[in-house]
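Okay, so the sequence shown: first residue is 1 according to full-length UniProt numbering, each after it adds one. Notes for the one structure printed next.
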Amino acid sequence: MNVKRITDTAVEVKALSKVYRKSKGNDFTAVDNVSFLVRQGEVFGFLGSNGAGKTTTIKMMCGLVTPTAGQISLNGCDVARQRSEAMRQIGVVLEGTRNIYWPLTAWQNLVYFGNLKGCSRRSIQERGEALLRELELWDRRNDMVRNFSRGMQQRVAIACALIADPPILVLDEPTLGLDVEATQIMKALLSRLARDHGKTVIITSHQLDVVQELCERIVIIHQGKVIADQSLAELLLLFRRDYYQIKVNGPFLGYGDAQFSQIAIKEEQDVTLLTGSISSQTKLYSLLNKIRKLGMPLISVSPVEPDLEDVFLSLVKNEKGGICYANNQNHA
Ligand SMILES: Nc1ncnc2c1ncn2[C@@H]1O[C@H](COP(=O)(O)OP(=O)(O)OP(=O)(O)O)[C@@H](O)[C@H]1O
1 MNVKRITDTA VEVKALSKVY RKSKGNDFTA VDNVSFLVRQ GEVFGFLGSN
51 GAGKTTTIKM MCGLVTPTAG QISLNGCDVA RQRSEAMRQI GVVLEGTRNI
101 YWPLTAWQNL VYFGNLKGCS RRSIQERGEA LLRELELWDR RNDMVRNFSR
151 GMQQRVAIAC ALIADPPILV LDEPTLGLDV EATQIMKALL SRLARDHGKT
201 VIITSHQLDV VQELCERIVI IHQGKVIADQ SLAELLLLFR RDYYQIKVNG
251 PFLGYGDAQF SQIAIKEEQD VTLLTGSISS QTKLYSLLNK IRKLGMPLIS
301 VSPVEPDLED VFLSLVKNEK GGICYANNQN HA
């Protein structure tokens, strides 16, 4: 049992915490006792609202931030104690930073990062060509990346992260700022990397439709703590029985009313859609009563299948945080 778990696990994050020391003792806990596993070869989603602690966790995984407590192991190599071996396991593309050099060509970037990671000249030539062909950039290899579209720059960054052939690839917001076509290309690429090349792909994203399409398993963190750790299928089932959509005519008139605090509100042309987890008939009738009192004409009430965005909002909006804690770490 143990052996299977060790060989199957690509990333093990155990009781990880990060406290940022601030002046006058105002310390801030960005990551709070976080544990999760990522299996080899899976596409894994690491989700959370702004400021939840995702980037801090990822930076600890790739050795850029030192944890206050806890351990991270990458394919069995401890990031703190076997640093160089652990770093050989992982390629990272961080969001909001220049992961590649804009005045260099795509090819020069690959050579630069290949050298930095200690790859031989031959392996840079062979792997660099294979990567650029796979990412459909071979014909543009001699163009400066400054002149590339954002989607192409993102693909060059992924090629550079993969030049030393690490088994784990971590991508922070891989589809941010990409148009529909570039997003499709990126999604297909990430699926292929896991399916055909056996890579473990970890992504963070606020684009939950992308995550829903790609990821087999998902961890959600909120205020530094894990609030869900499930397969996508299990997450989607969490609120299935008590998820309703209420359709009313006209604009929403209940902003600021606490009764709607956990309901997603979407105004669409002449109608408003109120969607959320309504866990009892009493709550449903009380909500309908409120809608009547506010003078919003009711069109329909129907049970709906929640998507990942609905589930995410229900978990994160839950005032008690953690009450919906959904955990399934049984990977054996
Ligand atoms: N170097 C730092 N010093 C102090 N606080 C920091 C530092 N880096 C991050 N934080 C704080 O830690 C918290 C978590 O930040 P982090 O960047 O990990 O969140 P995130 O989940 O990646 O958010 P986003 O989705 O907005 O990128 C935030 O409140 C942030 O302000």
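Where a beta carbon is used, it is the ideal one built from N, C-alpha and C, also for glycine.
- Here GLY276 carries a strand assignment [DSSP, helix/strand/coil].
- The C-alpha of LYS22 is placed about 32 Å away from the C-alpha of VAL38.
- Along the length of the stretch 51-109, whole beta strand (DSSP E) runs at least 3 residues long occupy 69-74 and 90-93, reported in chain order.
- The beta-bridge partner set that DSSP reports for ASP172 consists of THR204.
- Distance between MET152 and GLY45, taken at the CA atoms: about 23 Å.
- Proximity of the stretch 233-247 to the stretch 305-312 meets the contact definition, three or more beta-carbon pairs being nearer than 8 Å.
- When DSSP states are grouped into helix, strand and coil, SER17 belongs to the strand group.
- For the pair CYS160 and ASN99, the CB atoms are nearer than the 8 Å cut-off.
- Comparing C-alpha distances from THR272 to each of TYR255, SER280 and LYS283 shows the shortest one belongs to TYR255.
- For ASP32, the enclosing beta strand (DSSP E) begins and ends at 28-39.
- The C-beta of TRP102 has fewer than 16 other C-beta atoms within 10 Å across all chains shown, which makes the residue exposed.
- Ranked by Cα distance from ALA258, the options ILE246, VAL156, SER286 and LEU178 are led by SER286.
- The distance from the Cβ of MET186 to that of GLN207 is about 10 Å, inconsistent with a contact at the 8 Å cut-off.
- Near ligand 1, meaning a beta-carbon closer than 6 Å to one of its heavy atoms, we find TYR20, PHE28, ALA30, GLY48, ASN50, GLY51, ALA52, GLY53, LYS54, THR55 and THR56.
- With distances taken between CA atoms, GLY76 lies nearest to VAL13 out of VAL13, GLY63, LEU47 and ASN109.
- Considering only LEU135, ASP139 and ASP229, the residue with the shortest C-alpha distance to SER191 is LEU135.
- Contact between ILE291 and VAL248 holds, since their C-beta atoms are separated by about 6 Å, short of 8 Å.
- In the three-state scheme derived from DSSP, where H, G and I count as helix and E and B as strand, ASN142 is classed as coil.
- Sequence-distant partners of PRO303 (beyond 5 residues in either direction) whose C-beta falls short of 7 Å from its own C-beta, in its chain, are TYR243 and TYR244.
- If you draw a 10 Å sphere on the C-beta of LEU64, you find fewer than 16 other C-beta atoms in it, and that means exposed.
- Distance check between ASP78 and each of CYS62, THR68, VAL92 and VAL93 places CYS62 closest, using alpha-carbon atoms only.
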